[in-house]
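This report concerns only the one structure given below.
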């Protein structure tokens, strides 16, 4: 799918990639969901399917947080306070920790769905011009930043889960 260039295309990309991802995530056996059997986001690490879901929730919540900060007139620290763009592996580890207390895989998947729905509501509140009319974070538009942290990671995670399912024989 091409990089979205409109509000409609962005929502379609998120929904399409999310649907594909959820189909695969739903096929992960609950007893394997918390076993660190996949290559992690930081070099030399492993992660579980549950941690991958936590990572996706973490990025989605971060996107919502950026917009909440902006709405309250605060400066946004990209990507997150205490992290630089070249430290995304460390940020992934933070996301894993943020959701480690959710030990029910179905609950984690429900949290991901809620997060996706909240992101769609956020996008629906913007015009095409708001999303794509000017730079928002350095050289990227608001729409591109949302896409880079939602539909693109959903697509990447879908591939990771597909490989994982083959590895475990599903």
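Numbering (UniProt numbering), first residue to last: 1 to 170.
Glycine residues also receive a C-beta, built at the ideal position from the N, C-alpha and C atoms.
(message) Just to confirm the assignment, what range does the beta strand (DSSP E) spanning residue 244 have?
(response) Examination of residue 244 is not possible in this model, given that the chain is present from 1 through 170 alone.
(message) Using CA atoms only, rank isn't needed, just tell me which of 20, 36, 61 is closest to residue 95.
(response) Per the C-alpha coordinates, the member of 20, 36, 61 positioned closest to residue 95 is 61.
(message) If you reduce the DSSP assignment to three classes, tell me which class residue 140 lands in.
(response) strand
(request) Could you round the C-beta distance between residue 132 and residue 143 to whole angstroms and report it? I think they count as a contact, below 8 Å. (result) 5 Å
(request) Tell me whether residue 85 is buried or exposed, calling it buried when 16 or more other Cβ atoms sit within 10 Å of its Cβ. (result) The residue is exposed, with fewer than 16 neighbouring Cβ atoms inside 10 Å.
(message) I need the straight-line Cα distance from residue 171 to residue 73, nearest angstrom please.
(response) Examination of residue 171 is not possible in this model, given that the chain is present from 1 through 170 alone.
(message) Among the candidates 104, 90, 65, 145, whose CA atom is the shortest distance from the CA of residue 118?
(response) Checking every option, the nearest Cα to that of residue 118 belongs to 65.
(message) I'd like to check one pair, residue 32 with residue 161: are the Cβ atoms closer than 9 Å?
(response) No; because the gap between Cβ atoms is not below 9 Å, this pair is not in contact.
(message) Taking a contact to mean a Cβ-Cβ separation below 9 Å, would you say residue 137 touches residue 57 in this structure?
(response) No.
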